[in-house]
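Per our numbering, the sequence shown starts with residue 4, numbered consecutively.
Beta carbons: idealized from backbone N, C-alpha and C, even for Gly.
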Amino acid sequence: MACLESYVDMLYEEGEDKVRGSAMVLQLARSPDNLGELAANDTLLCALARVLREDGRRDTQLATNLAYVFFCLSTFSQFHPVIAEYKVGPVFSRLLSFTQNGS
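Now the structure itself:
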């Protein structure tokens, strides 16, 4: 958790740095002990939602990492309001439609 700020900064980079930052956040999110701190970090959640919206169609690995982070949050009902607040449900629907239709 000590490097979280640098992982968020990586989400603002391009290419592999962005994917690497998302993978590092995912590693943190896979531990239930970290979810409370992640869910309380507005800067992180805004960045994750923005990157998913803007870049999710262009990079499958990036979209997968980000989807998995939000999935980790969704496994605990106390974090459901966070998911609703950042409106990631509709973004996932659009990504799935894009994946199925290819457009």
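message: How far does the alpha helix (DSSP H) with GLY117 in it extend, from its first residue to its last?
response: Nothing about residue 117 can be read from this structure; the chain reaches only from 4 to 106.
message: Quick test of the definition: if touching needs 3 or more C-beta pairs under 8 Å, does the segment 33-43 touch the segment 14-23?
response: No: the two stretches stay apart, fewer than three of their Cβ pairs being nearer than 8 Å.
task: Whole angstroms is fine: what's the gap from THR67's alpha carbon to LEU51's?
output: Taking the straight line from one Cα to the other gives about 12 Å.
Neighbourhood of VAL94 by C-beta, 8 Å cutoff - its chain only, sequence neighbours within 5 removed: If we look at VAL94 and ignore the five residues flanking it on each side, its Cβ neighbours are ALA52, LEU55, ARG56 and GLY59.
task: Please state whether DSSP places PHE79 in a helix, a strand or coil.
output: The DSSP-derived three-state label of PHE79 is coil.
- prompt: Pick from PHE79, ARG33 and LEU14: whose alpha carbon is nearest that of THR46?
  reply: THR46 has its Cα closest to that of LEU14, out of PHE79, ARG33 and LEU14.
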